[in-house]
Each structure stands twice: as structure tokens, then as C-alpha cells.
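Counting from 1, position 168 in the sequence shown corresponds to residue 176 in our numbering; the numbering is continuous, with no gaps.
For glycine and all other residues, C-beta sits at the position ideal for the given N, C-alpha and C.
Since the structure is predicted, the reported quantities are computational estimates derived from the model, not experimental observations.
What follows is one structure encoded as C-alpha cells, with my remarks underneath.
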Amino acid sequence: MLLAATPLMAKTPTADAAAGAVETGPTETACPSGVGDGTKCLAGRDSAGSLYLIAMPRQWNGDLVVHAHGGPFLGAPTAKRVAEDLERWSIMPRLGYAWAASSYRQGGVAVTAAAEDTDRLRQIFIDKVAKPKHVYLHGQSWGASVAAKGAELFTRGKPYDAVLLTSGVLGGGTRSYDFRLDLRVVYQYLCHNHPLPTEPQYPLNIGLPPDSKLTQHELARRVDDCLGLNKPAAERTPEQARKVKTIVDVVHIQERSILPHLNWATWHFQDIAQKRTGGVSPFGNIGAVYAGSSDDAALNAGVLRYAADPKAVATLSADADLTGRIPVPVLTVHAIHDPTAMVELQDSFGRTMAAAGRGDALVQTFTGDKDHSYLSDPTYAALLEALSAWTTQGRKPTPEGIAAGCEKARATLGSTCRFEPAYQPKPLDTRVPARERP
């Protein structure tokens, strides 16, 4: 059953176009490379305007993985985006699982809408392709929050047997992005070029004003002027090196992720403020105490400060925060050195599940990887095997058992296994300063 639209699903040009969409397919289409010999791919458009892609392996094991992709990406949905995810996650059809993913009907930070689109595709598969024995809901990165939200919302008839969340942004929409506002204000304190002094000034917590013409190319040029990120560290000026070190030490992000996070804090914040929360921001830094610079007193006195708008917080929370009320087994994996989604978000998610009385239904695993988008084939093979055994045999997995399963899978799949079964993430507020909340 689809839920009614939330306040965050404000109409956009993309959403308006999707509203008049004509459902098509599924029809056979060419598969991306690497999905396995004999795999058949089906494509279509659902009644809300989402594009989708389905992969049916020649030797289907009878189970379906419904995939929620990360991002979120801005702009209209594209078939290319879904095909890229199938190519990246080709291990799933190669292991015998049917695979299905939606582009979502619209771009931008709309979690509930994406969860609806993902669940609609599950029903399309059942109605028009085949009836699976088990359905596993997989979410990657921002898509992990989409999958978790969908698992909370869609429970009638037990549509999902278990959930796999990988590299997940799982701290809730109102808290997972606080550090990106911290990045904006610290960067501006150091660099004074986003915006430039000659440009109209605006609250940094809205990302960009609606009439801004700033491009990602121009922002990258400004960042390079200030920080020299386009140069080897040895070729930066002492001032550039000092500023890079300040950002890394204060905001607690890796040097390689400064520009990507600054992009997200610019255009994704703009999407949230202008299209989702009525032009005001759900992000604030009142009360945040920044530490790690050469002069913390000057830094804290000099950074711009913003209060989160209470109505914006409520709107984003209704759409993107999680309750933890997931009625089926949940398995997660997260790279300890993930440059995009902080590993400490897993501590927040564990607390959310426990507060909902579902802590026993969650198993969290961690790897020593330094990547975000994809870890390794045997990693996901071991996770899927463990999730299947949990679902069909009631054998709750352990991090140690999954690590052993990865080594077993590596014998045939190659690549790497870097599970660290003993690892426990620290609370998010050990990395992101606490702040006042409405």
C-alpha cells in the first residue's frame, strides 16, 4: 500500500512531469556488463514516473533483492543511473538473486517518496515478472535510509523478509548532515569565497539561494584557490596547508572528501531548503563548539552561526528520520574509514533500533575498508548468505561468522575480505559537535 504524500514531497518540475506518466513495461532490454551469462534484463516506467530495471538470472534461486540506490541525485530520473547500480551490484544476480531497482520519481532529498517508489517496484515484480520465495530490501548509502524508511512504513502482509543496509546514512535526516553545515561555516571562515565578498550574502544553512548561478566547476575553482586541493600536498603554500589541516582536524573529514561534502552542503542543502522545507533550513550550529584548530577561541568567535527553523526540522524529520520500528531482521555493513558516510552513524542507528525495542533484530558489521560505494564481491556474498540463513533457518548471524563466510566466498570470488568483528563505533557526537535543537 502506498502512503499519502508527506509535506516534504512538494511539487517540483520533475514531480509534475512524473504525475502524468504512463506506465510501461517491463520489456526486455540489454543488460549492463558483468551481470552474468544468460541474465535477462527488463525495463519500464511505473505509474508515478520512476524508471526501473530488473535483472533475472538464468539460474534464479527464487529470491528477490529490491535495491534502493544512493545519492540522492538532483534532476530528473534517468535509466543510466539505475543501469550503473546494476553493474556495480552485479554480484547479486551472479549469485542467483533477481534484482530490481527504481530511479525514483524525482531527484533530491525526498526519502519517503523514494521508499514508496521502491516498494511500488516490488509489487510490479510480483505482478508482472514472478512471485519470489523471499524478498530482501537492500539500501546503499543514502538509499539505506530509503530502505530503512520503507521497511518501517510497508509492513502489511510482510512484504520484506529481511533488510540489508550497506554504507548507510542512518543517523536520520535532521542529524546526519550537521557536519556539512560545520564544513560550510569553517570553510567560509578560512576562505571567504563561498560566497565571495562581492556576491550577495545569504545564510549558509540554506545551501544556495534559489537564483544562484554558481556551478560545481566554479566552486571547485574557488576551493582550489583557497586550499590547493588540486595540487600534491608538497606543492601547496603554507597557508593552504594550514587551512586544509584546520578543516580536516575540526570537521573530522578526510582531505579527499572536502570538495564532495562541500558540494553536498551547497546543492543538497539548497534542494532541502527550497523544495522541501519552505525556503528555511532545518540545520543549525548554535551551541556547537569547534575544536582542533590552531586558535579555537578565534574560530568559535568568528564562524557564522545559524538557528535551525523548527518547522523545517519537523518537516525533514517526518520525511527522513527513522523510528527503528523495522519488524524483520536487519543486517548492516560499514567501512570504518568511509569518507562519505561517517561510521559513527551506525551507533546512532543502533540506538534508534534499541529504543524501538528492535535491537535484537539488528546485526552490525564493520570492515577496515576506506571506500564508500562498493567494498568487495565476497563481502556482499557473505552478507547475503548470512541474511538468507537468518530468514529461512532462524540462525542469527554474528560478525565473526560473517567474516568467516567472507573468507570462504573469497576462495571462489577473489578480491578482499576486511571484516573487523570486534569493532564498535563511537557515538556520533564524539565526531560532530552537539548543538541546540528546536
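Comparing alpha-carbon positions, the option among L161, W275 and R192 lying closest to R313 turns out to be R192.
Taking a contact to require three or more Cβ pairs closer than 8 Å, the segment 174-187 and the segment 352-360 qualify as touching. Closest in C-alpha terms to G79, from the list A38, Q262, T375 and V119, comes V119.
Within the segment 276-354, the runs of beta strand (DSSP E) at least 3 residues long that lie entirely inside it are, in chain order, 338-343. Close CB contacts of P40 within its chain, under the 7 Å cut and outside five residues either way in sequence, are with A91, L94 and E95 (chain order). Burial of P337 is indicated by the presence of at least 16 other C-beta atoms within 10 angstroms of its C-beta. Residue environment for Q282: buried (at least 16 other C-beta atoms within 10 angstroms of its C-beta). Nearest to K221 by C-alpha distance, out of N213, D232, E207 and L270, is E207. Put simply, of V231, R188 and F187 the residue whose alpha carbon is nearest the alpha carbon of P203 is V231. Per the Cβ contact rule, the segment 237-254 is in contact with the segment 289-306 (3 or more Cβ pairs under 8 Å).
Around the beta-carbon of Y105, 16 or more other beta-carbon atoms lie within 10 Å, marking it buried. N238 is classed as exposed because its beta carbon has fewer than 16 other beta carbons within 10 Å across all chains shown.
Between L267 and the set R418, A228 and V440, the nearest pair of CA atoms involves A228. Annotation: S384 to Y210 spans about 43 Å, alpha carbon to alpha carbon. Taking 8 Å as the upper bound for CB-CB distance, E36 and K48 are in contact here, some 6 Å apart.
Taking the C-beta atoms as reference points, A122 is found no nearer than 7 Å to L145. The residues F427 and P429, in chain order, have a CB closer than 6 Å to that of A411 in the same chain once the five nearest residues on each side in sequence are set aside. If one requires a minimum length of 3 residues, the beta strand (DSSP E) runs lying completely within the segment 129-199 are 142-148 and 170-174, in chain order.
The segment 81-91 and the segment 372-389 do not touch, with fewer than three beta-carbon pairs separated by less than 8 Å. Taken in chain order, the whole beta strand (DSSP E) runs of length 3 or more contained in the segment 41-100 are 48-53, 59-64 and 71-76.
Inside the segment 367-409, DSSP marks whole alpha helix (DSSP H) runs of 4 or more residues at positions 385-401, from first to last along the chain. Between V256 and the set R439, Y60, A56 and A29, the nearest pair of CA atoms involves R439.
Separation of A296 and H260 (C-alpha to C-alpha, rounded to the nearest whole angstrom) is 14 Å.
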